[in-house]
Structure formats: C-alpha cells, structure tokens
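Read through the structure below, which is laid out as structure tokens, and then see the notes.
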Amino acid sequence: MASKAYAVLEQEAGLSDALAGRDLCSIADLSSAEVAAILELGHDVKANPQNYRHALDAKQMVMFFEKSSLRTRVTFETAINTLGGSAIFVDQTQSPLGERESLADMARNLERWVSVMVLRTYAHETITEMAQYASIPVINALSDVEHPCQALADFLTLEQRFGTVKGLKFTYVGDGNNVCHSLMLTAAQLGAHCTVGTPKNYAPKADIVAQARAIANVTGSNITVISDPVAAVTGADAIYTDVCTSMGFEHEATKRAPIFKPYQVNEALMAHAAPHAVFMHCLPAHRNAEVTDAVLDGPQSVVFDQAENRMHAQKALLLMLLGGAKLAK
Ligand code: CP
Ligand code: NVA
C-alpha cells in the first residue's frame, strides 16, 4: 500500500486505475484531477523513495531519442532503475523514427518485449501515431509541440515552493514553444493564472491557447497572451523562460537573437515581479541570451530544483501508467 497522502487520494478518486495503460502525448490527455494525482504521488515518491523501491520490479522501459538530452534521459533512467525496473536507450539522432521501419511495425514488436515507450522526436505526430499503434503506454519526452514531463516537474516544484498553485500568477516570457505549450496547459489544469509574453510572430499555437482557455474556464484561471514583456512579468509569482531557438531551429538563431533581446530575463525584468518571485528554466540555458548569469545563478532561481524534480515527477508518472502505484509499500 502506498504511504498515506497518496493512499487517501487514490481511495477517493481511483485515479491510479484510471491512468494505468494510458499514454502521455500531451498534458491535455489528462484531466485536472489526474494531473493533481500525479503531482501528489510525486511529492510522496520524493519524500518516501524507499516505499516504491520494488513497485516496478522487472518492468522494461525503452527510450528512442531523435534529439540530444541530459536531464530527460538520465532522470527517466534513474526513475525506472530506482523503482525496480530497467531502461534501454536507443539513439535515433542519426535516423528519424519511421525511416527504417514503419511506426506500426515498430509498435507491434516493442509491445511484446517492453512495458512502456518514451519518445523524444521532432514531429509530434510520430508520438501520437506510435501511441495509436502500441498497446503499451507511450510517453512524450519532448516533441516540437509539447514537453509534458517538464511541465509536471515544474508544477511539482511550484507546489513545493508555494503549497498550492491555485490562483498563482505564472508568467512565461520568450518563445511560444513546446515547453510554453505544456506549461500553459498544466497551469490551466491546476487553476494557476498563466500569462505568456512573446514577440508577435513567436506566440504559442492558437489551438493550444484555445485548449488551455477551455480548461481554464473550468478550473477558474486566466490564460493571457501578450507581447509586452514588462506587462507580462509585473506582479508575477513565477517567471519562466526557455531558449529562443529550440532544437531543430538552430538555423534561425541569428535572426531570432535581436527579436528576443527585450524578453531576456535579467535583474531589471525580475524587479517587476513580486519580491518573492522564483525564476524558472527547463535547461539547458543559453547563458546571457534568454537569461543572465545573475538571474540564473541568483537567489530567486529554482532551476536545479526543477531538474531534480524531473526524476520524482517521472517516477510518479511511470507508477501511474504502469499500475505500480498500488504495489508500493
Ligand atoms: N529540460 C530538458 O528536457 O533537458 P534535456 O534536453 O537535457 O533532456
Ligand atoms: N524548447 C527546448 C527545450 C529543451 C529542453 C527545445 O525544444 O529545444
């Protein structure tokens, strides 16, 4: 039986059963209660790792990555290893998934050998198609549209810092990219207000904004997209940024640099936030581009807590999707 906080939650909502066998392609695949339950379990796993040591004994996780990774790869591997399972990493940086063999044929092989698939891809559709074909859970470890595992860890970090995130003023400044999309959706799911400040042609995708607003209408939060960085951060409890040029967009770096300059998170911009505000970044950072050293290394920065929480949040996610939450001591 899981330790108290999670056991109570599980009893109330039966969410562990509801999530077993599911995919995580987008944060929007989850209900608000399911996002909250994963984070609740994440807190418990972080506080009591020994209770989950054998919860996923002998489970096998395969990871196919078309892009580089430090945090996502290592935290997924440490997560499954410390839950009793093991990981197989396949470097796909030299050949995109689906090139050598169809995604459907890959799925029909893999589901006979392993319990879960973790994919980092260029095209989001590679992940949704694999999820459609495979009978085992498929987890998005970053695509060109979303980075849901990052957002789960980030809101775990905010819950630890602020107790609850309901009504929290969360601001993202910079490129309206994959990380921004997952953060908007997660904020909406958990009832946090989310303001995004981006240059005009770099706003988040309209369909994701609409999805986040539809969720926020139910949870009682506001989703705002503006272009003024100072207005975006004024009074915020948390300021988040990410690189201006994501993986796959490196060829646009020179063009983007001047456009994103006003969105740099520096001490002057941080001064407009609430005095207790935290600074967040998914990492890796391009130091002194989207954020200055003074902010990244300063007292308000929680970036390494976020990085640590990748592991705890993903342990919770794996436990939920693989039905191991109930096997914990
Ligand atoms: N934040 C994040 O996903 O880092 P990696 O690209 O190193 O995995
Ligand atoms: N937006 C960045 C996140 C890296 C973790 C990218 O996609 O490259």
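Each number in the working numbering comes from the position in the sequence shown (counting from 1) with 41 added on. Backbone N, C-alpha and C define an ideal beta-carbon position, used for all residues, glycine too.
Item: Per DSSP, the bridge partner or partners of Gln-173; Value: Gln-173 is not bridged to any residue.
Item: CA-to-CA distance, Pro-303 to Val-271, given in whole angstroms; Value: 9 angstroms
Item: Arg-202 - DSSP class collapsed to helix/strand/coil; Value: helix
Item: Distance CB(Asp-413)-CB(Cys-323) smaller than 7 angstroms; Value: Coverage of the chain is limited to positions 42 through 370, which leaves residue 413 absent and any answer about it impossible.
Item: Exposure label - Gln-28; buried when at least 16 CB within 10 Å; Value: Outside the modelled stretch of the chain, which goes from 42 to 370, sits residue 28, for which no answer is possible.
Item: Nearest residue (CA-CA) to Thr-198, options Ala-309, Thr-227, Gln-305 and Glu-75; Value: Thr-227
Item: Burial state of Thr-295 (16 or more Cβ within 10 Å); Value: exposed
Item: The segment 133-153 contacting the segment 164-181, beta-carbon criterion three pairs below 8 angstroms; Value: yes
Item: Sub-7 angstroms separation of Ile-68 and Pro-189 beta-carbons; Value: yes
Item: Best match in Ile-280, Arg-153 and Lys-241 for proximity to Tyr-213 [C-alpha to C-alpha]; Value: Ile-280
Item: Contacts around Ala-175, its chain only, beta-carbon distance under 7 angstroms, and the 5 residues preceding and following it disregarded; Value: Ala-148, Leu-151, Glu-152 and Met-158
Item: With 16 other Cβ atoms within 10 Å as the buried cut-off, status of Arg-328; Value: exposed
Item: Whole-angstrom distance between Gln-230 and Gly-125, CA atom to CA atom; Value: 31 angstroms
Item: Cβ pair count under 8 angstroms reaching 3, the segment 57-67 against the segment 350-369; Value: yes
Item: Residue range of the beta strand (DSSP E) that includes Asn-307; Value: Run containing Asn-307: none; DSSP gives neither H nor E here.
Item: Contacts around Cys-287, its chain only, beta-carbon distance under 6 angstroms, and the 5 residues preceding and following it disregarded; Value: Per the sequence presented here, residue 287 reads as Ser, with Cys not at that position. For Ser-287, where only same-chain residues beyond five positions count, the Cβ hits under 6 angstroms are Asn-218.
Item: Coil, strand or helix - Met-352 by DSSP; Value: helix
Item: Met-352 CB to nearest heavy atom of the ligand NVA below 6 angstroms; Value: no
Item: Proximity test, Ser-110 beta-carbon vs the ligand CP heavy atom, cut-off 6 angstroms; Value: yes
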